[in-house]
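If you read the sequence shown in my numbering, its first letter stands for residue 5, the second for the next number, and so on. Even glycine gets a Cβ: it sits at the ideal position worked out from N, Cα and C. What follows is one structure encoded as structure tokens, with my remarks underneath.
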Amino acid sequence: GKEVVLWLSGRNVEKLTIHDWNGPVILTRSMGLPGTFSLKTVRAVMAMAHSMYECFSIMKNHPPEAILAMGGYGSVGPVLAGKILNIPIVLHEANVVPGRAISMLAPLAKTVAISFEATAQYFKHTQTVFTGFPIRQFAQEKLDAPLKPDYFTILVTGGSQGAHRLNEITSEAIVQLHNSKKPVQVIHITGIADEKMIRAKYEASGVTHVVYPFSTEMGKIYYTAHFAITRAGAGTCMELTACKLPALLVPLPYAPRDHQTANARIMQTAGHDMVPESQLTIQWLVNYIEQLLRNPDKLRQMKQRLSASNIVVPDAAERIAMVVMKNIPPYK
């Protein structure tokens, strides 16, 4: 076996997602590059340089056998330091369209592991290996929550960062459906900023609801909901598909390189629906959900297509680990 050390950027969302991790963690400072040149660009480059120096100082004394970078600007410092020290580097790209950090680091890597076969076209000069996206394994258990057993349960989540406009539109649509006596209830993961506002709205209108700012029980939530309205991050899309939970995907319109729209388009082939945020209105969403309630065959067909899809690779984590192991020199 190998000891695994997590190198993280220290963002709050990372701290929330590693609650079950018992191994060593090293925090490095990083900033994302803005889309246009500004003072923030200079600050971001300086932060990356400082991160690289910090990582180099640690790795020089405790060199890892290999580095697996999962993307984001938190990867830049460790990868640059590792390259200087001649440590094998493997990257993993989660999305269909590569992020800027992975694209920038690809020439330094031995291999880029990809979640979608279509992603290979973006790495002309670096070896790619299709591994799939590593997802958590969930027991088929339902959430212990005060929900009505005969109501249509909608999951709303904006992903790890939340999504203010998505929260507003979906909550208003669900209140309207409730007011028109439709048997709907909601599990709403709001993000920290909108929790109080969304909870107060549901309480005032009498909607049966469960509201969380963030949840560590996503498996139970997926198996409790009948339908989801979410952003189109790769992790969320893959988990929904693995759990056979049909979804309406609303790609984040200002995501870098519009990668969520590319994700959503491929997920449509697996059985999900998508709508651009520019077309998502309260009335449009009310009509869409009413159609689902009137036509249960639509939901059944979506679930059948998800069951038949091969977009989820069950052993993706093992495949990625094998790619890393193959890049460790034999003498190590």
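Counting C-beta atoms within 10 angstroms of its own C-beta, Tyr-206 has 16 or more neighbours from the protein chains shown and is therefore classed as buried. Check the Cα spacing between Val-316 and each of Val-83, Tyr-126, Ala-98, Phe-41: the tightest is with Ala-98. In this structure, the beta-carbon distance from Pro-92 to Tyr-126 does not fall below 8 Å. The beta carbon of Leu-89 sits closer than 8 Å to those of Phe-60, Met-63, Lys-64, Pro-67, all from its chain and outside the five residues before and after it, given in chain order. Sequence-distant partners of Ala-229 (beyond 5 residues in either direction) whose C-beta falls short of 8 Å from its own C-beta, in its chain, are Thr-157, Ile-158, Leu-159, Ile-191, Leu-249. Apart from sequence neighbours up to five positions away, the residues of its chain that approach Phe-134 with a beta-carbon distance below 6 Å are Ile-118, Glu-121, ordered along the chain.
Beta-bridge analysis with DSSP links Phe-134 to Ile-118. At a Cβ-Cβ threshold of 8 Å, Glu-243 and Tyr-226 count as neighbours.
Between Leu-109 and Val-83, the gap from beta carbon to beta carbon is short of 8 Å.
CA-CA distance, Ile-30 to Ser-55, rounds to 11 Å.
By the neighbour-count definition (other C-beta atoms within 10 Å, threshold 16), Gly-27 is an exposed residue. By the 16-neighbour rule on beta-carbons within 10 angstroms, Arg-298 is exposed. Here Pro-260 is not near Arg-235, since their CB atoms are 8 Å or more apart. Here Ile-233 is near Ala-251, since their CB atoms are less than 8 Å apart. Rounded to the nearest angstrom, the gap between the Cα atoms of Val-188 and Lys-152 is 9 Å.
Contact between the segment 286–300 and the segment 168–179 is present, with at least three C-beta pairs closer than 8 Å.
Between Pro-138 and Ile-324 a beta carbon distance of about 6 Å is seen, short of the 8 Å cut, so the two are scored as contacting. Taking C-beta separations shorter than 8 Å and ignoring five residues to either side along the sequence, the partners of Met-222 in its chain run Arg-140, Phe-142, Glu-243, following chain order. Secondary structure within the segment 196–239: the beta strand (DSSP E) runs of 3 or more consecutive residues, fully enclosed, are 213–216, 231–234 (chain order). Thr-115 is a Cβ neighbour of Val-327, given a cutoff of 8 Å.
With 16 or more other Cβ atoms from the protein chains shown falling within 10 Å of its own Cβ, Val-215 counts as buried. Here DSSP, grouped into helix, strand and coil, assigns Gln-264 to helix. Per DSSP, the unbroken beta strand (DSSP E) holding Phe-156 starts and ends at 156–161. When secondary structure is reduced to three states using DSSP, Val-188 falls in the strand class. A Cβ-Cβ distance of about 6 Å is found for the pair Ala-105 and Gly-76, placing them in contact under the 8 Å criterion. About 15 Å separates the beta carbons of Phe-231 and Leu-147, which is beyond the 8 Å limit, so they are not a contact pair. Here DSSP, grouped into helix, strand and coil, assigns Met-63 to helix. Ranked by Cα distance from Val-80, the first of Arg-33, Ala-70, Asp-154, Val-46 is Arg-33. Looking at the DSSP output, Glu-97 bridges to Ile-118. Closest in alpha carbon position to Ala-149, among Lys-87, His-213, Met-329, is His-213. Separation of Asn-314 and Leu-10 (C-alpha to C-alpha, rounded to the nearest whole angstrom) is 30 Å. Closest in C-alpha terms to His-168, from the list Gly-78, Glu-281, Leu-303, comes Glu-281.
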